[in-house]
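Chemist:
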Ligand code: CO
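Numbering (my numbering), first residue to last: 1 to 296.
1) Among 108, 153 and 133, which one has its Cα closest to the Cα of residue 145?
2) I'd like to know if the region 50-70 and the region 236-246 are in contact, where contact means that at least 3 CB-CB pairs between them fall below 8 Å.
3) With a cut-off of 5 Å, give the chain-ordered residues whose Cβ is closer than this to any heavy atom of ligand 1.
4) Kindly indicate which three-state DSSP category residue 260 falls into: helix, strand or coil?
5) Run through the region 218-256 for me and flag every whole alpha helix (DSSP H) of 4 or more residues, listed as ranges in chain order.
6) Taking the alpha carbon of residue 83 as the point to measure from, which residue in 250, 230 and 27 has its own alpha carbon closest?
7) What is the residue span of the beta strand (DSSP E) that residue 114 lies within?
8) Taking all protein chains shown into account, do 16 or more other C-beta atoms lie within 10 angstroms of the C-beta of residue 50, making it buried, or fewer, making it exposed?
9) Taking just the CA atoms, how far does residue 190 sit from residue 279?
10) If you draw a straight line from the alpha carbon of residue 182 to that of residue 42, how long is it in whole angstroms?
11) Count the C-beta pairs between the region 123-137 and the region 85-104 that are closer than 8 Å, then say yes if the count reaches three, no if not.
12) Roughly how many whole angstroms lie between the Cα atoms of residue 96 and residue 260?
13) Sort 170, 262 and 110 by Cα distance to residue 217 and report the nearest one.
14) Could you compute how far the alpha carbon of residue 24 sits from the alpha carbon of residue 204?
15) Assuming residue 141 and residue 120 make a contact with CB atoms under 8 Å, what is their CB distance in whole Å?
16) For residue 117, I'd like the list of residues in its chain whose CB is within less than 6 Å of its CB, leaving aside the five on either flank, ordered along the chain.
17) Going by the beta-carbon positions, is the gap between residue 161 and residue 264 smaller than 8 Å?
18) Can you tell which of 272, 284, 59 and 197 has its C-alpha closest to the C-alpha of residue 10?
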């Protein structure tokens, strides 16, 4: 791997780790999702990186893609199980890292099994290792603790400005044999639940990403496309643009652009049986004999 590229992955990783650890001190009952998201995203910028994707703040059975809306008034509750998934990038070189905090104190065993599954997966990563081997190990550890991995969410390969590139890293044993290669960047993210082990979409969407720009008549859509140009295809939150575009018109523009396949929607995902969900995630560079975790 190019030395400068590697340094940028490392820098994005250090910033991701710093923001992750710092953000843990903010997770207290009563803090609003909006406040939490704004603080985390500002910290990424303050430390010299850019936001790779809107910070996801998911509680209880909400599993992924919850980002607060611009007028979101919800707050963290006293017994919530809170997951924060955040991403930083330096010139498109991304880090992606997540953790769960259990304010209820009732799910410590699940969180521990989840964290151990991530550690075990990282131990296995090396060139030539099959992704099914990693999925098998994650599943085995989570199931032996009495929980289920989320079977329809996976970790993923990362490339410059590309958050979900190529290879998927499953959280269950899978019947295919794709292998890890040296210099791949991987984000590994096991999820554990006391529910069914599957997520489904909810009607709400706050996170979008560009598929491809097309000409569109609506003025607000054109403004949005200009604003998005430098992010390329990295995900964004509707809330980021409500100071530049009237929120009602923005909502219309987003819907129009999604229907025209200019934008991809990333709807909120929740556990199918409303099980409590946890998640832990690190980003790593595959080396010749293992991997270097950038977010530790
Ligand atoms: Co993530």
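Where is the CB? At the ideal position from N, CA and C, for every residue including glycine.
Modeler: With the structure as the only source:
1) 108
2) yes
3) A Cβ closer than 5 Å to some heavy atom of ligand 1 marks a residue here, and those residues are 85, 96, 98 and 281.
4) In the structure shown, residue 260 sits in coil (DSSP, three-state: anything other than H, G, I, E or B).
5) As far as the region 218-256 is concerned, its whole alpha helix (DSSP H) runs of at least 4 residues are 219-228.
6) For the set 250, 230 and 27, the Cα lying nearest the Cα of residue 83 is the one of 27.
7) Premise fails: residue 114 lies in the alpha helix (DSSP H), 108-124, not in any beta strand (DSSP E).
8) buried
9) Going from the Cα of residue 279 to the Cα of residue 190 covers about 6 Å.
10) 33 Å
11) no
12) Going by the C-alpha atoms only, they are around 29 Å apart.
13) 262
14) 26 Å
15) The pair is a contact, with the Cβ atoms about 6 Å apart (cut-off 8 Å).
16) 138, 141, 142 and 190
17) no
18) 284
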